[in-house]
Structures are given as structure tokens and as C-alpha cells.
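The structure under discussion appears below in the form of C-alpha cells.
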Amino acid sequence: MFQIKRIETEPFDDQKPGTSGLRKPVRTFMKPHYLENFIQSIFDSMDGGAEGKSLVIGGDGRFYNNRAIQTIIKMAIANRVKRLLVGRDGFLSTPATSCIIRKYGLSGGIILSASHNPGGEEGDFGVKFNIENGGPAPQKVTDKIFEKSLEIKRFFMAEGPDFPIDAIKTEKVMDTTIEVIDPVKDYCDLMEGLFDFDRIRGLFRSGFRMAYDGLHAITGIYARELFVNRLGAPDSFLRNCDPLPDFGGGHPDPNLKYARELVDIMYSEDAPDFGAASDGDGDRNMILGKKFFVTPSDSVAIISAHSRNVPGYRDGLSGVARSMPTSCALDQVARELGIKCYETPTGWKFFGNLLDKGLITICGEESFGTGSNHIREKDGLWAVLFWLNILSVEKTSVSELVKGHWQKYGRNYYTRHDFEGVSTDGAKRMMESLEGRLSTLAGMEFLEKKVTIADNFSYKDPVDGSISKNQGIRIIFDDGSRLIYRLSGTGTKGATIRIYIEGYTKKERELYQDPQVYLKDMIALSRELSEIEKFTGRKEPTVIT
Ligand code: G1P
Ligand code: ZN
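Using my numbering, the first residue of the sequence shown is number 7, and each one after it goes up by one.
As C-alpha cells, then:
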């Protein structure tokens, strides 16, 4: 039925995978040979090629997902992959893919997603490659894939009819055993083993109300299985939980700007007790209480502080980690628990080595990513279940829980200001100018605080010794305040400058202010020191979190 073809091709020079794989407009991926070249480069980068390997593929359901999956199935057959698992209907969230790679001991996985970027014909598409530990490919692997993509001359394709993926089944095609699997079961089983489902069921029975927003992306199918089928919640707790190729025209990013519908519900008079959302491919999360937003930096700290009340973490944490721009709230908890808090560059992949070596159990980023050693990706629904488990034990509201945390540990006031779509040149010059002045900033006083560290963050991986330089400019003050500047590595249009502004207080009367008000002077200082307006012509950020 299938005919293996060797097809001549020419390299594209723009297939360099970033921190989250190769992400481009869907139109780019639709160019003849564009996807094929990249997939073949992934296969060619493997030791001995893809022959005999075991892989899983699935995606977040965005436009082009199904076409791409058919192409990859046919290329996997032609490259003599031994075992190929495919999520039914082409669905798999990023965390579920990581779970499946680990559970079945696969060689790797291919996830089709541009994460939180918009989908549809005019939106973005992406290919991520995860390795055998279930985590994103590390730089040495992505470098090799890029190298292969630059020298590619041919790819292999099994030409024939599409392989039906709308029902669970196993079929051998030439050398390849293709298994269409239930995309939700393995992941939901893993969650059931980590959290106290009886207690959460009890919480839902007690009249506790929740609003979960799937933003018409992949997590809707997982949320239905977890919350409705396994935890007994009514269907009315779920919103936008049917995946759509264009995500209903929305931007599947769970933050205060793009999850507006959920935010409006949670700030209304009749708000439910708990609100949550995930992004396109399911690795991010946002947690809300009644008229209350939990910053991701606080969330990872609170999760860690309460981890002993959650079955999967009852034995304690070996250590924790946060990305450099994430607030230092987690450091306060680590100190109290007597464990180490590692500080890594932005991007989930830096947690992989620490998790593999057992140096950390829980980790998180300010950008709505939280996770643990249960898989090697951040995990949106895991964080939501963690919160539900904590609330079911503490029997208190989200806001009371967070306020109690601040009273105990002090509050790390935190906000991120994004300047999106600025000129690449202006952004670069701003960073260079700031960097050039770092040595003069050290020791200076601003707002009655003294600068203790002013540098460009560099990270030495404690496991493999690799060094990552230029990970963001840090200006740290003697009272724990920080200003961090970095350029986004995931944007697709122009440059995005991110400024992270942090302050710390333990004074009870200062604990309950609006961060934008509390940090007003630090925000002004962040503009002044960087001269952002001079370099970019921008006075105000496009997104404030
Ligand atoms: C952003 C986030 C980062 C996250 C990445 C992938 O990267 O800041 O924490 O790991 O998306 O989800 P950035 O655009 O800042 O480079
Ligand atoms: Zn994502």
C-alpha cells in the first residue's frame, strides 16, 4: 500500500530550533518540503537515524496539526521507526507527551504546537522535539538538528493513503508498528497517583465552585476527564474545553490579558471560589481566586510550602529551582525547609538536568510555568490539581491562603512589563548600552537602596558543567529588590523586551497593596536606567503581568 520514496530537497536556512522548538507562521510550515526537511533533520540527528527507534507524536490541535501528523507518520514509516505512538485525533498535550515518553521508555517524541501563540491559517505552528527523559531537546541536540537541516539533500517518505487516527488501534505498516492511543488516559492516571482525588472530590461536593478555561486548546479534553469524569465536578465548571484549530480566534495564553473571559468571571460579584486556565499545549497555568490573581512566582512558592500535604510529595522535597527572573518568593520557602533553591536561566530545559539528578523536586518560572519531577515539562493541569489538593486540605480561600503565606514569609512584590514588537535594533542597542554601564551601577544608591549586584546573568550547570552566558541583565539591591532586563527568545515579530520588577517587604501594613502601586518608583527607575524610550520610542509596555 505504501511506497518508500527518496525525495531530493534543498536546505532552508531558517530551521534553527529555539528554546521551544521550531516556531514559525503556519504559512512557512506549509511551504513545500519545509516540514519534511525539519522532520528528516530530527531523524538524521539521532544516533543511527530513526531506524528501530520508538517515538510518540501528537499536537495541540491547531490548524495544520492533522496534515503534519500524516506527513510525520509517513516519514516515520519510510525511516523505519520501530514503534510509533500517535494520540487519537492527533491530540496530545506537551505534559502528556512527556509522561508517555517516560512511561513507555520511548526514544523521544514530537509535539506539534506553537504553545501559546495564536493558531488558525494566519497563526503560528511549531515542532518540538523531546528526548528520552521526556524533556525538551537540550542545546547540543537542537544544534545538531539545525546542522542537519543546513546540509539536507533528501528525505524519505512512504507514499500512500492517510493513516486513520480517529480510533484506538494498533497496526503494523512495513517495519513500523503504529499505535493510536488514548491521549488522556496515561496522563490522568499519573495525576491520580500524585494527588488526593478523594479529598478533591469532597471539596467539589462541599459546594466549592470552579471555572476552568481551556481557551479552546488542548487541555479541554484532559480537564473533562480529570474534573468531570474522575473528580465528579459538573460540566458547568468547564469553559471553552473543545479544542478548535484556531482556538476560537483567541490567543491561548493563560494570563490577565488573553484569558480575559475567565478573569472577568473571577472578578465579578458572583465569582466562583477558584479559577484556572492553561495555554495552547497545556504546559502553562494561571491560578485565580475570587477577585484575586496569584502570581506564578508566588504559586510555585506556595505549592512548595504545602507539598507535604499532597500524597505524591509527602516525603519532602530534595530541592527547588526557579528561573532567574522569577521572584525570590521560592527562596524564602527553601530557606525555611532547609533545602537548596537553584537559580537557572529562562526556559524549562535548564531544570531537566537538576530533575534527572534528583537535585530538585519542584520548579517554576514567572511565565506561568510550574512543574515537578513527575515529568520533564512544566505542567498546567498538575499545578491546578496541586492547588485544589491544598485547598481541600486547608479548607480556606485562595486569597486567605496567599495572604497567610505573605504573613509568614514576607511578600515579594512582582510585576513583568513586556514591550512587544519593538525594533530589533533598538532593543539590542538598549541592552548593550545598559550592559556597558553595569560596572558603574554597582555600589550606587537609588531610592535609598544600594545596588549590590549589577551583571549579565551567567549559569554554570551543576550537573554537566556547561555554561550559558548573557541570560539577562540583573540589578539587585540590598533590600532584596531587583530589576531584570532580557530579550524574549520566543516572539515571532520584531523584538520583545521584558522588564521584571521586584520588591520585598515583611511589614504587615505593607503586605496588601496593588503591585503597580507598591512598585511605582522601581518601575520608574527601570525605565530611567534603561532609557527604553530613547532606544525604542516606547513609553508604556504592551502587556503588564
Ligand atoms: C517565554 C518565557 C519563558 C518560557 C518560554 C517558553 O520565553 O519567558 O519563561 O520558558 O516562554 O514557554 P521568552 O519569550 O521570555 O524567551
Ligand atoms: Zn506552552
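Every residue, glycine too, gets a C-beta built ideally from N, C-alpha and C. Here the structure is a predicted model, which is why all the values come from computation and not from measurement.
- Counting only residues of its own chain and dropping the five nearest sequence neighbours on each side, R108 has a CB closer than 6 Å to the CB of G140.
- The alpha-carbon of G115 is positioned some 45 Å away from that of D484.
- Beta-bridge partners assigned by DSSP to Y491: I479, I505.
- Proximity of the segment 64 to 84 to the segment 157 to 169 meets the contact definition, three or more beta-carbon pairs being nearer than 8 Å.
- Pairwise C-beta distances place the segment 257 to 267 out of contact with the segment 348 to 368, as fewer than three of them are shorter than 8 Å.
- Secondary structure remark: continuous alpha helix (DSSP H) runs of at least 4 residues inside the segment 225 to 286, in chain order: 225 to 229, 266 to 272.
- Q477 and A501 have their C-alpha atoms roughly 16 Å apart.
- Secondary structure note for L517: it is in no alpha helix (DSSP H), with a DSSP letter that is neither H nor E.
- With distances taken between CA atoms, D304 lies nearest to Q413 out of R320, S212, P249, Q413.
- Per the Cβ contact rule, the segment 305 to 321 is in contact with the segment 186 to 201 (3 or more Cβ pairs under 8 Å).
- Around G55, the same chain offers F49, N85 as residues with beta carbons nearer than 7 Å, after the five sequence neighbours per side are excluded.
- In this structure, the beta-carbon distance from K363 to V469 falls below 8 Å.
- The three-state reading of DSSP puts N379 in coil, since its state is none of H, G, I, E or B.
- Going by C-alpha positions, S373 is about 13 Å away from A283.
- D168 sits in coil when the DSSP states are folded into three classes, being neither helix nor strand.
- When the five nearest sequence neighbours on each side are left out, the beta carbons in the same chain lying within less than 7 Å of the beta carbon of F8 are those of I83, A164, E165, G166, V179, M180, in order along the chain.
- Taking C-beta atoms under 8 Å as the contact rule, T376 and V306 qualify, at a distance of about 5 Å.
- Under the Cβ criterion (8 Å, minimum of three pairs), the segment 134 to 154 counts as touching the segment 26 to 37.
- Taking all protein chains in view, the Cβ of R266 is surrounded by fewer than 16 other Cβ atoms within 10 Å, so the residue is classified as exposed.
- When Cβ pairs closer than 8 Å are counted between the two stretches, the segment 109 to 128 is seen not to touch the segment 225 to 242, the count staying below three.
- At a Cβ-Cβ threshold of 8 Å, S212 and S47 do not count as neighbours.
- With respect to I293, S99 sits apart: the two C-beta atoms are not nearer than 8 Å.
- Looking from the CA of S445, the closest CA among G322, I479, K499, W388 belongs to I479.
- Nearest Cα to D204 within the set E454, R68, T34, S398: S398.
- Contact between T352 and M330 holds, since their C-beta atoms are separated by about 7 Å, short of 8 Å.
- Contact annotation: Y524 and G509 have beta-carbon atoms nearer than 8 Å.
- When C-alpha distances from G129 are compared across L535, Y518, G58, S119, the shortest belongs to S119.
- Ranked by Cα distance from N136, the options Q76, A239, G64 are led by G64.
- In the structure shown, C105 adopts helical secondary structure according to DSSP, grouped into three states.
- Per the Cβ contact rule, the segment 533 to 547 is in contact with the segment 419 to 433 (3 or more Cβ pairs under 8 Å).
- Here F97 is bridged, per DSSP, to G65.
- Only buried fits M436, as 16 or more other CB atoms lie within 10 angstroms of its CB.
- Beyond the five residues adjoining it in sequence on each side, R236 comes within less than 8 Å, by CB distance, of C194, E198, F203 in the same chain, given in chain order.
- Nearest to K466 by alpha-carbon distance, out of A460, K475, I459, is K475.
- The C-alpha of L440 is placed about 18 Å away from the C-alpha of K456.
- For H411, the secondary structure class from DSSP, reduced to helix, strand or coil, is helix.
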